[in-house]
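Data block below; observations after.
Number of protein chains: 2
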Amino acid sequence: MALEHAILVSLAERASTGYDLARRFDKSIGQFWTATHQQVYKVLGRMDANGWVAATVVAQDARPDKKVYDLTDTGRAELQDWLARPAEREATRSDLAVKIRGASYGDPAAVAAEVRRHRADHAGRLEFYLANEKREFPDPSALTGHRLHQWLVLRGGITLERGLIDWYDEVVAALTPSSTPARTSEEDR
Amino acid sequence: MALEHAILVSLAERASTGYDLARRFDKSIGQFWTATHQQVYKVLGRMDANGWVAATVVAQDARPDKKVYDLTDTGRAELQDWLARPAEREATRSDLAVKIRGASYGDPAAVAAEVRRHRADHAGRLEFYLANEKREFPDPSALTGHRLHQWLVLRGGITLERGLIDWYDEVVAALTPSSTPARTSEEDR
DNA sequence: TTCCGCATGTAACCAGTTACATGATTAC
DNA sequence: GTAATCATGTAACTGGTTACATGCGGAA
C-alpha cells in the first residue's frame, strides 16, 4: 500500500496527469516503484475520493482533455505523516535466484545462460543510470534539498545494479566449466 | 506465479510438510522468496490437484498428523521445464527509497533516522548470512552440485546486503548535517 | 498457567497485472 | 498506411496478506 505515497511524492515534485505519472513510473521514480497506467488511474481515483489530490480539467486542442492532479493540503499532510512513519523491510523476490538454487534439477548451463542474459540487462541499466548521473547531477557535492534526495536514490540504483552484476559474474564463473578461466570483460565497471 | 516453482525446488531438496516448507521460506529459501503458511497450503493444494506433488499422510503420536509432500514425475518435469524458461526481470520495490526521494516534503532528519534503523537491520542480516556461510560452507572451492548452488544464492544475499548497507551509509552521510564528519563504524565489513 | 512448537486450514480482502476499449494527431 | 504519442478508463483475474479457527504437548 505505497503506490499512494509514491504518487504523493511524485505530485509534490510536479502536478501531473495520470498519464504523465504512469510515464514517470517507468523512469526515475520507477527505479524503486513501478505502476501501470491502469493502476495509477485506479489509485488516483481513490486518492481523489479521499481528498488527497484534486484534479483540474484542462482542455487542449488537437489532444484529448486532461485532468491535472495536484496535492491538497490533506494530501500534503498525509505525505508528511507517512514520511515519519517507519517503513517495512521490503521482501526481495527473485525468480532468477530460485532458478540458481534449483539449477541441478535442470540444466545448469541453461541457467548460467539466463544469468548471463540478466547480467547484460543490468549492465545496460547501470550504464543508463551512470549516464543520467553525469547529465543531471554533474556536481553532486553542491546538491541540497530534493535534488540531493533524487541523486541519492539514483545512487542506490547504481549501487544495487553493481552488486547484482558482481553477483551474476560470480554465479556465471561458478556455473561455467571454464575451459578458459578468463573472466568476462569488465567494460561496464 | 513463482511460489509454485520455489516450492518445487524446495521439495526437490527434501520432501516436507506444508508447515515445514513455510518455515524454510523464513530461512534459506526465504532469502529470495517468502511465503506465509496460509499461502503455502493454498498453493500446495493447487499443485496437488495439478499432479505436481503428492502427499503421504503420516500419523504421529503426541503430535497432529502430517502430510508429507513430495514431487511427482510431472512435478519434476515441470521444474526442469521452468528452469529452462527465461525469467522476468524482477521489479524492485522499496518504500524506503520513495521516502528518501520525498524527504524534503517532511522531516529529512526523521527519514535519516529511519535509514539508520534499516542499516542496522541489514547489518544484522549480513552478519547472519556470513555466520551461515562460515558454518555451512567452510570450503567453497570444493563445492559442486546443489550445495554449490545454495552457496551461490547465499553469496547473492551477502552481496546485496553489503550494497544496501553501503548505500544507506551514503544516504545517512548526505542527510546528516554532520557537525562531526566522523563516519559510522565499519565493524560489519 | 501461559506461551511456544507442531500442524492444518478457511475467508475476506487488497494490490497489482492483463486484456479490452476508445479516439484524435503526428511522424515515418 | 501504420505505428507511436497523448489521454482516460473498465473488467476480470491472480498472487499474496491478514484475520480467524482449532487443538495437543512440553517447557518456563
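Heads up: the protein sequence lines correspond to chains P and W, in order.
Per my numbering, the very first residue in the first sequence carries number -1; after that it's consecutive.
Per my numbering, the very first residue in the second sequence carries number -1; after that it's consecutive.
Quick reminder that beta carbons are idealized off the backbone N, C-alpha and C, glycines included.
Taking only beta-carbon positions, decide if residue i is within less than 8 Å of chain P.
i                 : result
Glu185 of chain W : Bear in mind that the predicted position of Glu185 of chain W carries a pLDDT of just 49, short of 50, making it unreliable; the figure below should be weighed with that in mind. So no, Glu185 of chain W is outside the interface.
Gln37 of chain W  : no
Ser14 of chain W  : no
Leu81 of chain W  : yes
Arg153 of chain W : yes
Leu9 of chain W   : no
Val51 of chain W  : no
Tyr103 of chain W : yes
Pro62 of chain W  : no
Asp93 of chain W  : yes
Pro136 of chain W : no
Lys40 of chain W  : no
Leu89 of chain W  : At residue 89 of chain W the sequence reads Ala, which differs from the Leu that was named. At least one chain P Cβ lies under 8 Å of Ala89 of chain W.
Val55 of chain W  : no
Leu150 of chain W : yes
Leu124 of chain W : no
Less than 8 Å between CB atoms is the rule here; does residue i satisfy it with respect to chain W?
i                 : result
Pro194 of chain P : What is shown of chain P runs -1 to 187, which leaves residue 194 of chain P out entirely.
Trp31 of chain P  : yes
Arg44 of chain P  : no
Glu112 of chain P : yes
Glu2 of chain P   : no
Ala75 of chain P  : no
Glu168 of chain P : yes
Glu86 of chain P  : yes
Arg99 of chain P  : yes
Thr72 of chain P  : no
Leu158 of chain P : yes
Ala172 of chain P : yes
So who's on the other strand from residue i, going by DSSP bridges?
i                : result
Val55 of chain W : W:Lys65
Ser92 of chain W : Beta-bridge pairing links Ser92 of chain W to no other residue.
Ser14 of chain W : W:Tyr67
How would you label residue i, buried or exposed, when you count the other beta carbons within 10 angstroms and need 16 or more for buried?
i                 : result
Asp188 of chain P : In this structure chain P extends from -1 to 187, so residue 188 of chain P is not present and cannot be described.
Gly73 of chain W  : buried
Phe126 of chain P : exposed
Asp93 of chain P  : buried
Pro106 of chain W : buried
Arg61 of chain P  : exposed
Val56 of chain P  : exposed
Lys25 of chain P  : exposed
Ala75 of chain P  : exposed
Gly16 of chain W  : buried
Gly155 of chain P : buried
Ala95 of chain P  : buried
What whole-angstrom Cβ distance do residue i and residue j have, given they're in contact under 8 Å?
i                 : j                 : result
Ala10 of chain W  : Leu77 of chain W  : 6 Å
Ala20 of chain P  : Val7 of chain P   : With a Cβ gap of about 15 Å, Ala20 of chain P and Val7 of chain P do not count as contacting.
Leu124 of chain W : Arg160 of chain W : 6 Å
Thr157 of chain P : Asp164 of chain W : 6 Å
Leu173 of chain W : Val109 of chain W : 7 Å
Compute the minimum distance between the beta carbon of residue i and the heavy atoms of the ligand FMN, and state whether it is under 7 Å.
i                 : result
Ser139 of chain P : Only the bare structure without any ligand can be found here, which leaves the ligand FMN out of the picture.
**OP:** Inspect the CB distances between the region 79 to 88 of chain W and the region 109 to 122 of chain P and report whether three or more fall short of 8 Å.
**Re:** yes
**OP:** Determine contact between the region 122 to 141 of chain P and the region 139 to 153 of chain W, defined as no fewer than three beta-carbon pairs at a distance below 8 Å.
**Re:** no
Original post:
Would you call the region 116 to 136 of chain W and the region 32 to 49 of chain P in contact, with 3 or more CB pairs under 8 Å?
Top reply: no
Subject >> Cβ contact (3+ pairs, closer than 8 Å) linking the region 94 to 110 of chain P and the region 38 to 49 of chain W >> reply: no
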